[in-house]
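Notes follow once the structure below has been shown.
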Amino acid sequence: MLNDLVEILNQIRVKNPLIHQITNYVTVNDCANVTLAVGASPAMADDEVEVEEFVNIASSLLINIGTLNKNIKNSIIKAVKKANELEVPVVLDPVGVGASKFRKDFVEELLKQSSISSIRGNISEIKSILNLSSNTKGADASKEDLESIDNTVNIAKELANKLGLVVAITGEVDVISDGKRVVAIKNGNHLLPQITGTGCMCSSLVASYCGTSKDKIFEATILGVITMGIAGEIAYEKSKNSGLGTFHKELFNSVGNFNEEILKQKSNFKKIM
Amino acid sequence: MLNDLVEILNQIRVKNPLIHQITNYVTVNDCANVTLAVGASPAMADDEVEVEEFVNIASSLLINIGTLNKNIKNSIIKAVKKANELEVPVVLDPVGVGASKFRKDFVEELLKQSSISSIRGNISEIKSILNLSSNTKGADASKEDLESIDNTVNIAKELANKLGLVVAITGEVDVISDGKRVVAIKNGNHLLPQITGTGCMCSSLVASYCGTSKDKIFEATILGVITMGIAGEIAYEKSKNSGLGTFHKELFNSVGNFNEEILKQKSNFKKIM
Amino acid sequence: MLNDLVEILNQIRVKNPLIHQITNYVTVNDCANVTLAVGASPAMADDEVEVEEFVNIASSLLINIGTLNKNIKNSIIKAVKKANELEVPVVLDPVGVGASKFRKDFVEELLKQSSISSIRGNISEIKSILNLSSNTKGADASKEDLESIDNTVNIAKELANKLGLVVAITGEVDVISDGKRVVAIKNGNHLLPQITGTGCMCSSLVASYCGTSKDKIFEATILGVITMGIAGEIAYEKSKNSGLGTFHKELFNSVGNFNEEILKQKSNFKKIM
């Protein structure tokens, strides 16, 4: 597994894939910058008249519903359809999916009519997609929704199997499954949820790595989550005596400086199935 | 008064209230991050089909018209109506209200048909709402509009009385009134207006504190303005030999590190009525 | 030439011109902050019902099509028409113009029906406007489009002559022409394209300087490009041992601290025609 991750990591800066992202206006700047920092190239076009042309030149497509609205909804549907036609990997970040009927219905429709490669969300979001009883606190996971690792593993596996895709549930321990295999990741830091968009950025990293090869979606998703986690750890070390503003800035330093050596030295994951 | 402020400050990190913000796309990321830094949780949904559901789970609602448009206008009207029904406090930041008929008419309509808890603006914006002759320079206060402290106090009191809410006029000296009481605050720094969105962030802080208790709007507004002012002072000290980029980053460090001790040591306000 | 640049630089902090920017939501915060840092004042209103009122009080207008959509399109047309009536300089940043028919058609229409003062783009964008064969990688220049300095000079001159405006092609060497005169600039740093929006910010700087005098568009454009380039050089020196997050922050420090002495000491440009 580690060898696969190393290979993807080393390819991204060579291939510099274009990652088309239809996302929210809260964290879009950070998402574009983290995409550049990891070695890919972002394109954030979102009008329905042009998204297909951007998908056409993209190596992967990221859909993030953080500030979903009626216009973006149409753009997403067109872009994902085009991506499916061209076999461009599609990553979905179902931000706050449980918080409104609008988001819930949209994600349900999208998952029914199209093929998604990888979903990254918190436990509240993933449970909501599975129609498990869940709470919501906007874009953040609700404390009541936290599950034991065993339950989280079962939930990830269940959704992955049901939809035939890779599911990443990020939290204190991250769990990633393609339906058969399951990996648990212990990288990360308690400050990550204190900066808006670290979930969104994690999804941008997943989409960036997915842009290097459509056959390694499981590994690309794992590497995206590990990259964000390690970035959080290093940023914490560098900002301990300063605060959240410094931590935020150091996240970009860490992603930009991320390499094979750091991956080998700091990654903390385990294949548990 | 100081004891009330201390109480709100200590409650916010315990209650971690959800603050629904319908705001502008220029400063939205900074607003979300300052909300997290002070101990609350932001939700920035703005499509009219879902804003009511977000108000439903929110502890306060912030309306910021920095990039008002026709879609957002409808979302604001629905969200505020819902907030009024549920008695969720509503904070208004009337960004650049004097700069266009569109903004002027909208704020007038909003104030007529709904109940707002607290308004925070610069002197040009507050004078424009009162239909006093005012100038405008986009989102910034015009130099010609600056008034003596006595006049500023009268203007704040007049608007507070007229509308039955709390008014905060921020500037070199900040003046806050609920119509009877008036507090003047001398915290702050000359660099704050050189970063876009420090007014917006101040309003997010006010809304965050208002989310801890609907009965302490006057105190929550004062604490929001003091927090931003002290953050500006500390950020200035830490960035004096660097510049605006460092100052911007240090604002988030300062808000994230803000606590009772710093409040007691650095706050500089006076009840003048 | 250097004297002209010094004069503009010294005037901007005295005049503090209001720069109306209709731009994209990816980089809008950085564009507003760089405008403040250089000594101007930003206004980012973009609804068609109010843009004319903002142009009315603005000293220049910047159009950036980074996330063009149908609503913004109408706002741009109205704003530019008003600016032309009032002889307010208009700067165009044709972000990713070659990436979609929507952008291509819109820029063509805009250039046909209105008067633009200055265009700043990368080589792919400028070639696309000239209908020269060009590639596109979203908002970034394509490697295949890179030209020798001689060809770049010819392309800049040709477009400047054809449209009767100033053209700035930014890249490793920046080339700026008003159709007769040509200046080449060697300031800049290889990290600038690794932060999203450094092109957009450069255009905001051009628009800011254009706001000091409508008779010095060529010089204002040169100074905008030099300012961004030197900021990149200084930011690189200050962030060498840190990374992209620090580099990003230092860009704002550098623009905020930019002055006559730094300009004289570090500018590296040559009038080649």
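Taken in sequence, the protein lines are chains A, B and C.
The first sequence lines up with residues 1 to 273 when you count with our numbering.
The second sequence lines up with residues 1001 to 1273 when you count with our numbering.
The third sequence lines up with residues 2001 to 2273 when you count with our numbering.
Every residue gets a Cβ at the ideal spot worked out from N, C-alpha and C, and that includes glycine.
Item                                                                                                                                                                                               : Value
Quick one: complete alpha helix (DSSP H) runs, 4+ long, within the stretch 149-202 of chain A?                                                                                                     : 149-163
Residues of chain B with a CB under 7 Å from the CB of residue 2001 of chain C: which are they?                                                                                                    : Chain B residues near residue 2001 of chain C: none, gap ~27 Å exceeds 7 Å.
Indicate whether at least one CB of chain A lies closer than 8 Å to the CB of residue 1044 of chain B.                                                                                             : yes
For residue 2256 of chain C, return the contacting residues in chain B, with the cut-off set at a CB-CB distance below 8 Å.                                                                        : 1194, 1243, 1244, 1245
From A:271, A:108, A:226, A:212, pick the residue whose C-alpha is nearest to that of residue 59 of chain A; which is it?                                                                          : A:212
Check whether the stretch 2176-2184 of chain C and the stretch 2030-2037 of chain C are in contact - that is, three or more C-beta pairs closer than 8 Å.                                          : no
With a cut-off of 8 Å, does the C-beta of residue 98 of chain A fall near any C-beta of chain B?                                                                                                   : no
Flag residue 2027 of chain C as yes if its beta-carbon sits less than 8 Å from any beta-carbon of chain A, otherwise no.                                                                           : yes
Does chain C have any CB closer than 8 Å to the CB of residue 1068 of chain B?                                                                                                                     : yes
In chain B, which residues lie less than 8 Å from residue 30 of chain A when you measure between Cβ atoms?                                                                                         : 1029
Quick check: is the beta carbon of residue 359 of chain A nearer than 8 Å to any beta carbon in chain B?                                                                                           : As shown, chain A starts at 1 and ends at 273. That puts residue 359 of chain A outside it, with no answer to give.
Whose Cβ in chain A lies nearer than 7 Å to the Cβ of residue 2140 of chain C?                                                                                                                     : 41
Using only the heavy atoms of the ligand GTP, determine whether one of them is closer than 7 Å to the beta carbon of residue 159 of chain A.                                                       : Absence of the ligand GTP from the depicted structure is noted, as is the absence of any ligand whatsoever, leaving it without description.
Mapping DSSP to helix, strand and coil, what is residue 2132 of chain C?                                                                                                                           : coil
Answer yes if the stretch 2209-2224 of chain C comes into contact with the stretch 1235-1247 of chain B, meaning at least three C-beta pairs across the two stretches below 8 Å, and no otherwise. : no
Starting from residue 93 of chain A, follow the beta strand (DSSP E) in both directions and report where the run begins and ends.                                                                  : 90-93
Check for me: the beta strand (DSSP E) holding residue 2019 of chain C runs from which residue to which?                                                                                           : 2018-2022
Find the residues of chain C that neighbour residue 259 of chain A, judging by a C-beta separation of less than 9 Å, and give them in chain order.                                                 : What residue 259 of chain A touches in chain C: nothing, since even the nearest Cβ is about 12 Å away.
Can you give me the C-alpha to C-alpha distance between residue 2206 of chain C and residue 2231 of chain C, rounded to a whole angstrom?                                                          : 14 Å
Where does residue 213 of chain A fall in DSSP's three states?                                                                                                                                     : coil
Measuring CA to CA, which of C:2015, C:2022, C:2194, C:2264 is closest to residue 2072 of chain C?                                                                                                 : C:2022
Which residue spans inside the stretch 1212-1259 of chain B form an unbroken alpha helix (DSSP H) run of at least 4?                                                                               : 1217-1239, 1244-1257
For residue 280 of chain A, which beta-bridge partners are listed by DSSP?                                                                                                                         : Shown here, chain A extends from 1 to 273; a query on residue 280 of chain A therefore has no answer.
Is it buried or exposed, residue 1217 of chain B, if we count other Cβ atoms within 10 angstroms and call 16 or more buried?                                                                       : buried
Report the option in B:1195, B:1236, B:1064 whose CA atom is closest to the CA atom of residue 2252 of chain C.                                                                                    : B:1195
Do you know offhand how far residue 1020 of chain B's Cα is from residue 2181 of chain C's?                                                                                                        : 54 Å
Are the Cβ atoms of residue 2045 of chain C and residue 2018 of chain C separated by less than 8 Å?                                                                                                : no
Tell me the DSSP secondary structure of residue 1115 of chain B in three-state form.                                                                                                               : coil
The alpha helix (DSSP H) with residue 1086 of chain B in it runs from where to where?                                                                                                              : 1070-1086
Check whether chain A comes within 8 Å of residue 1033 of chain B, counting only Cβ atoms and requiring the distance to be less than that.                                                         : yes
Quick one: any contact between the stretch 1085-1092 of chain B and the stretch 79-97 of chain A, if contact means 3 or more CB pairs under 8 Å?                                                   : no
At a Cβ threshold of 8 Å, is residue 102 of chain A touching chain B?                                                                                                                              : yes
For residue 1083 of chain B, which residues in chain A fall below 9 Å Cβ to Cβ?                                                                                                                    : Under the 9 Å cutoff, chain A gives no residues; its nearest Cβ is about 15 Å from residue 1083 of chain B.
Flag this pair as touching only if the stretch 253-260 of chain A and the stretch 2254-2264 of chain C have three or more C-beta atom pairs under 8 Å; answer yes or no.                           : no
Just to confirm my understanding: we take residue 102 of chain A, look at its own chain, exclude 5 residues before and 5 after, and list those with CB closer than 8 Å. What are they?             : 68
Looking only at C-alpha atoms, which of B:1041, B:1001, B:1003 sits nearest to residue 1013 of chain B?                                                                                            : B:1041
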